Ligand code: SAM
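Next up, the structure:
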């Protein structure tokens, strides 16, 4: 059996490449995005009632992942990136079907678009469905997961003075919390956990039209070297 699904909208987000995106929703509250709803869901009636809802589930397609039956085992970054577990014990993007789900905060609902925050979705991600978060059913107070027992340990993020000034300028131009977003994303440590880079090794992430360069002066800290318009 094959199933055909039609997206109901598309995510517009700061995340124009996969590297640097938080690995789960709600880890970077400053990560805002807009879901552009497609007809006929761009009407007031499709979103009526959402004013009563603080969080929503997004069901979406990992449109930039390789899916298929070959993916029975995966190497989650959380386990260092070199230990394999079964795909159904993981939320890895490479899976039998390219389906993702994230709980995000609903900031605003207007006919045609929803503003959300705490997202972990690439720009351009097709959205298949949206459902309200239902606390009494979705909060599992005695749930355990020994593969992911605690939130990720955060790295300290500090700035070169010129990089911070450039980030503040970009925040004004874009009308977005650029400084907070960079700090929240980098604090998650974007690189694979098994890499132990030399202090002079530089990494880059893209957010909107910005190229953010950083390095690891010590193991548990990141320094932002520059924030500049990408080529
Ligand atoms: N919360 C979702 C879930 O559990 O299904 C996603 C978890 S997945 C580990 C999060 C990662 O997916 C992000 O860090 C980003 O690298 C990647 N990602 C986000 N949107 C994507 C897309 N449209 N295509 C491929 N990869 C994507």
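Residue numbers (my numbering): 35 to 265. Every residue, glycine too, gets a C-beta built ideally from N, C-alpha and C. Quick caveat: nothing in here was measured; it's all calculated off a predicted structure.
- In the DSSP annotation of this structure, the continuous segment of the beta strand (DSSP E) that includes residue 70 starts and ends at 66-71.
- Proximity of the beta carbon of residue 171 to ligand 1 is not indicated: no heavy atom of the ligand is located closer than 8 angstroms.
- In this structure, residue 146 sits near residue 70, with a CB-CB distance shorter than 9 angstroms.
- Residue 54 counts as buried, since no fewer than 16 other beta carbons sit within 10 angstroms of its beta carbon.
- Bounds of the beta strand (DSSP E) holding residue 249 are 244-252.
- The region 104-111 makes contact with the region 119-136: 3 or more CB pairs, one atom from each, lie closer than 8 angstroms.
- Between the region 86-96 and the region 157-167, the count of C-beta pairs closer than 8 angstroms reaches three or more; the two stretches touch.
- One thing to note: residue 261 has its Cβ within 9 angstroms of the Cβ of residue 204.
- Counting only beta-carbon distances shorter than 5 angstroms to the non-hydrogen atoms of ligand 1, the qualifying residues in chain order are 52, 55, 57, 96, 97, 98, 99, 125, 127, 134, 135, 136, 154, 155, 156 and 159.
- Judged by DSSP secondary structure, residue 163 falls within the beta strand (DSSP E) whose first and last residues are 160-166.
- For the region 175-257, the continuous alpha helix (DSSP H) assignments of 4+ residues that do not extend past its boundaries occur at 195-208 and 212-221, in sequence order.
- Going by C-alpha positions, residue 189 is about 10 angstroms away from residue 219.
- The straight-line gap separating the alpha-carbon atoms of residue 58 and residue 150 is approximately 14 angstroms.
- The criterion of a C-beta distance shorter than 9 angstroms is satisfied by residue 66 and residue 210.
- Here the alpha carbon of residue 226 sits roughly 6 angstroms from the alpha carbon of residue 114.
- Across the structure, residue 128 and residue 255 are spaced so that their CA atoms are roughly 29 angstroms apart.
- Check the Cα spacing between residue 244 and each of 46, 200, 41 and 81: the tightest is with 200.
- With contacts defined by Cβ atoms closer than 9 angstroms, residue 139 and residue 88 form a contacting pair.
- By alpha-carbon distance to residue 74, the top candidate from 42, 101 and 166 is 42.
- By the CB criterion at 9 angstroms, residue 198 and residue 50 fall outside the cutoff.
- Judged by DSSP secondary structure, residue 78 falls within the alpha helix (DSSP H) whose first and last residues are 78-81.
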